[in-house]
Each structure stands twice: as structure tokens, then as C-alpha cells.
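Read through the structure below, which is laid out as C-alpha cells, and then see the notes.
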Amino acid sequence: MSVLVMGASGAIGGAVLRGLQGRGMEVRATSRTPERLSLPGSVRTFAADAAEPASFSDALDSVDRVFLYADLPEPEALLATVAAAGVQHVVLLSSAAVTSPRAADDFNGSRILRAERAVLEAGVAHTFLRPCEFASNAARWSWSIKAEGAVPLPYPDALQTPIHDQDIADVAVIALTGDSLLGAAPILTGPERLTLREQVATIGEVLGRPLSVIEQTEAESAATLAAHLPDVWVQQILKGWREAVGGNPTLSDEYARITGRSPRTFRT
Ligand SMILES: NC(=O)c1ccc[n+]([C@@H]2O[C@H](COP(=O)([O-])OP(=O)(O)OC[C@H]3O[C@@H](n4cnc5c(N)ncnc54)[C@H](OP(=O)(O)O)[C@@H]3O)[C@@H](O)[C@H]2O)c1
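Be aware that the sequence shown starts at 1, since it is given in the UniProt record's numbering, and climbs by one per residue.
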């Protein structure tokens, strides 16, 4: 069985690719810049850009299953290309954001809902992975931790259930190598609820030096984030944090049910 991984340079895509290789699968990978990939010679690489769905045609030739990111500028056209190639199963890295009743009104929720809808309309068997906030989002704090030993945040009491990248990849690999998750849409969370303040403290404990939180106004935070991100993402991140204050996010048992193991902690 041959599996194509879109975005092998990505955090999740790369982990999925390694997991499939570990299981001895025949794996292919796409990237917009495949010359920058550093992969074992056994992995065939292809140049493909989701903004030009036809660019996936060569990579999809004789492929059985596909791992896709939901960052798809033309999801309907890309999924039509996938279906026409005879792919049997698409595993889409979706998001828990689509389960919000207001997902369709939201920039992030609506674009991922559109990708899920395109998969359904293409009529290809599917698995939608719906993770919550990635624990690795905290890597964005690395510069201020190195420079100031502190993390500036507007909503330090925002409560999350951060998930380890590898947990998402573990479930993707199970979906891509068997039929147990056909038609499933597991919500994936980490094993614990942690505020952003608690995440900063955990990083400090692991580093062996206390870190502080610098409380910012939303406008100050927007200005900081805008140095690195487009405004639409700045607004999305701020909204997510604002709405997570005083929340009580559900912890999912899907990872344990699917893999038989406990999810990795934020500390891990
Ligand atoms: N961060 C969170 O809290 C969170 C929560 C839930 C869901 N998600 C979803 O998770 C995804 C991010 O995962 P990640 O951290 O693994 O991302 P990442 O490390 O940024 O990797 C993204 C990959 O997608 C590929 N890609 C991007 N645009 C592409 C295009 N137009 N055509 C072809 N390939 C393209 C890139 O490949 P090349 O650059 O090599 O082409 C790259 O390998 C997003 O879709 C996000 O919505 C994130």
C-alpha cells in the first residue's frame, strides 16, 4: 500500500511520514520546495502546491491513501483531483475548532469546515483528525524566554488542553495503515487542562529557572504578534485566548482509546 504525505516538512506531516516509514509503508511526500526536504532516499518526493491542485497529479498516481493538511486554498478542486486519482482514504488534519457551534462564523473554523466539506463532497473515504491547541504553540515564546526570562500574554488565565504533535501523528498513522478509523472524526486533546500561565511555569520548571508572565493589554499583544503574523491570525489567536478564560474544556479519551496509550503531557 502506498501513502502520500502532504507537507512532509511540517511538524505533523514529518512525524506522520516517520511513523509510516517505521511501519515499513511505501511513502511519498510533497512539498512546495522538495529540494529543501532532507528525507531518506526511499521516500519519493514531489513538488506540489495546494494553490494549484493539478500540481498534485503526479504525486497521486497509484497512491492508496493520503494525509492532507486543511490549509487548502482550493479544497474542492484538490479533493476532486484526489478522487479522480482513485485514492481510497483521505486523512485530513482538521481541528477541534470545527466543533464549535460558531465555527462557520470564524476565520479558522470556516476554512477548515470548507476543507472537511470538500472531502465529503468528493466521496472519498475519510478520517478527520480534530486536535485542540498544539502544545508546540508554546515554542512561539522561545524568544522572549531566552531574552527576558518572561512571556508577555494578554490572557494568561486562558485554559487549554494542549496536545503533543506526536500524539496527533500517532493517530494519523493508525488511520493511514488500517480501517479502524474509516469515517471517524476523533477530537484529540492532551491529558490535562492548563492555563497559559501554568504552561509558562512548566517550561520554567523543565528549564530549571523560574519564568514570569508579563501581563499585556490586548492591543499590546496584537502589536507583538503582528511582527510575526498576518492580522487575520493575530485576531484569531487573541479571540481564542479571550474565549478560553474561565472555560472548562473537555478532555478527550480518543487518543487512549485509539492507541491504547496515555496522551503525552505538556511537560513531555
Ligand atoms: N497550532 C494549533 O494549535 C492547531 C490546532 C488545530 C489544528 N491545527 C492545524 O494544524 C496545521 C499546522 O500543523 P503543523 O504545525 O504540522 O504545520 P507546519 O509545521 O507549519 O507545516 C505545514 C505543512 O503544510 C505544507 N503546506 C502549507 N501550505 C501548503 C500549500 N499551499 N501547498 C502544499 N503544501 C503546503 C507545508 O509544506 P511546504 O512548506 O514544504 O510546502 C508544511 O510542510 C494547520 O493546518 C492548523 O490549522 C493547528
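Using N, Cα and C, we set each Cβ at its ideal position, and we do this for glycine too.
Rounded to the nearest angstrom, what separates residue i and residue j at their Cα positions?
{"i": "Val91", "j": "Ala97", "result": "17 Å"}
{"i": "Asp49", "j": "Ser142", "result": "30 Å"}
{"i": "Thr127", "j": "Ser100", "result": "19 Å"}
{"i": "Val3", "j": "Pro75", "result": "19 Å"}
{"i": "Glu254", "j": "Ser95", "result": "14 Å"}
{"i": "Gly10", "j": "Gly22", "result": "18 Å"}
{"i": "Ser180", "j": "Ala85", "result": "23 Å"}
{"i": "Asn248", "j": "Leu176", "result": "32 Å"}
{"i": "Ala185", "j": "Asp231", "result": "30 Å"}
{"i": "Ile174", "j": "Arg114", "result": "24 Å"}
{"i": "Glu35", "j": "Ser55", "result": "16 Å"}
{"i": "residue 275", "j": "Val119", "result": "A query on residue 275 cannot be resolved here, the shown segment of the chain reaching from 1 to 268 and no further."}
{"i": "Val206", "j": "Ser57", "result": "46 Å"}
{"i": "Ala150", "j": "Pro191", "result": "25 Å"}
{"i": "Trp233", "j": "His164", "result": "21 Å"}
{"i": "Val5", "j": "Ala77", "result": "18 Å"}
{"i": "Arg18", "j": "Arg193", "result": "29 Å"}
{"i": "Arg130", "j": "Gly109", "result": "11 Å"}
{"i": "Glu198", "j": "Ala158", "result": "10 Å"}
{"i": "Leu37", "j": "Pro73", "result": "22 Å"}
{"i": "Ala147", "j": "Glu215", "result": "17 Å"}
{"i": "Ala135", "j": "Gln160", "result": "9 Å"}
{"i": "Ser125", "j": "Ile112", "result": "Per the sequence shown, residue 125 should be read as Ala rather than Ser. Their Cα atoms are separated by approximately 18 Å."}
{"i": "Gly208", "j": "Thr217", "result": "29 Å"}
{"i": "Asp61", "j": "Thr224", "result": "44 Å"}
{"i": "Leu93", "j": "Thr268", "result": "22 Å"}
{"i": "Met1", "j": "Gln235", "result": "42 Å"}
{"i": "Arg102", "j": "Trp241", "result": "16 Å"}
{"i": "Ala20", "j": "Gly178", "result": "Looking at the sequence provided, one finds Leu at residue 20 rather than Ala. Whole-angstrom Cα-Cα distance: 12 Å."}
Going by C-alpha distance, which of the options is nearest residue i?
{"i": "Pro152", "options": "Gln88, Gly190, Val200 and Glu133", "result": "Val200"}
{"i": "Ala8", "options": "Thr45, Glu26, Gly24 and Glu52", "result": "Thr45"}
{"i": "Pro42", "options": "Ser31, Glu52, Arg32 and Glu26", "result": "First, the residue type needs correcting, since residue 42 is Ser and not Pro in the sequence shown. Here the closest residue by C-alpha is Glu26."}
{"i": "Leu39", "options": "Gln236, Ala15 and Ala77", "result": "Ala15"}
{"i": "Glu243", "options": "Thr268, Thr33, Leu229 and Thr195", "result": "Thr195"}
{"i": "Ile203", "options": "Arg140, Ile237, Gln236 and Asp170", "result": "Arg140"}
{"i": "Pro210", "options": "Arg193, Ala138, Ile145 and Thr268", "result": "Ile145"}
{"i": "Gly260", "options": "Gly13, Ser31, Phe67 and Asp170", "result": "Asp170"}
{"i": "Arg257", "options": "Ala104, Gln216, Arg102 and Ile187", "result": "Ile187"}
{"i": "Ser31", "options": "Thr217, Gln216 and Ala47", "result": "Ala47"}
{"i": "Pro154", "options": "Ala219, Arg102, Ala80 and Glu121", "result": "Ala219"}
{"i": "Glu121", "options": "Thr33, Ala104 and Ala80", "result": "Ala80"}
So, is residue i buried or exposed, given that buried needs 16 or more other C-beta atoms within 10 angstroms?
{"i": "Phe107", "result": "exposed"}
{"i": "Ala172", "result": "buried"}
{"i": "Glu133", "result": "buried"}
{"i": "Leu182", "result": "exposed"}
{"i": "Glu116", "result": "buried"}
{"i": "Leu251", "result": "exposed"}
{"i": "His89", "result": "buried"}
{"i": "Gly246", "result": "exposed"}
{"i": "Ala227", "result": "exposed"}
{"i": "Thr189", "result": "buried"}
{"i": "Ala138", "result": "buried"}
Just to check, is the beta-carbon of residue i closer than 8 Å to a non-hydrogen atom of ligand 2?
{"i": "Thr33", "result": "Of the ligands one can find in the structure shown, namely ligand 1, none is ligand 2."}
How many whole angstroms separate the CB atoms of residue i and residue j, which I take to be in contact at a CB cut-off of 8 Å?
{"i": "Val87", "j": "Asp64", "result": "7 Å"}
{"i": "Pro53", "j": "Asp167", "result": "With a Cβ gap of about 30 Å, Pro53 and Asp167 do not count as contacting."}
{"i": "Pro156", "j": "Phe266", "result": "With 8 Å as the limit, Pro156 and Phe266 do not qualify as a contact, their Cβ atoms being about 15 Å apart."}
{"i": "Phe67", "j": "Gly123", "result": "In fact, because the Cβ distance is near 19 Å, the residues do not count as touching under 8 Å."}
{"i": "Arg28", "j": "Ala59", "result": "6 Å"}
{"i": "Ser221", "j": "Leu238", "result": "6 Å"}
4-residue-minimum alpha helix (DSSP H) runs that sit fully inside the stretch 62 to 134, ordered along the chain: Taking only runs of at least 4 residues, the alpha helix (DSSP H) segments lying wholly in the stretch 62 to 134 are 75 to 84 and 107 to 122.
List, from N- to C-terminal side, the beta strand (DSSP E) runs of 3 residues or more that fit wholly inside the stretch 180 to 247. Fully enclosed beta strand (DSSP E) runs of no fewer than 3 residues occupy 212 to 215 of the stretch 180 to 247, in order along the chain.
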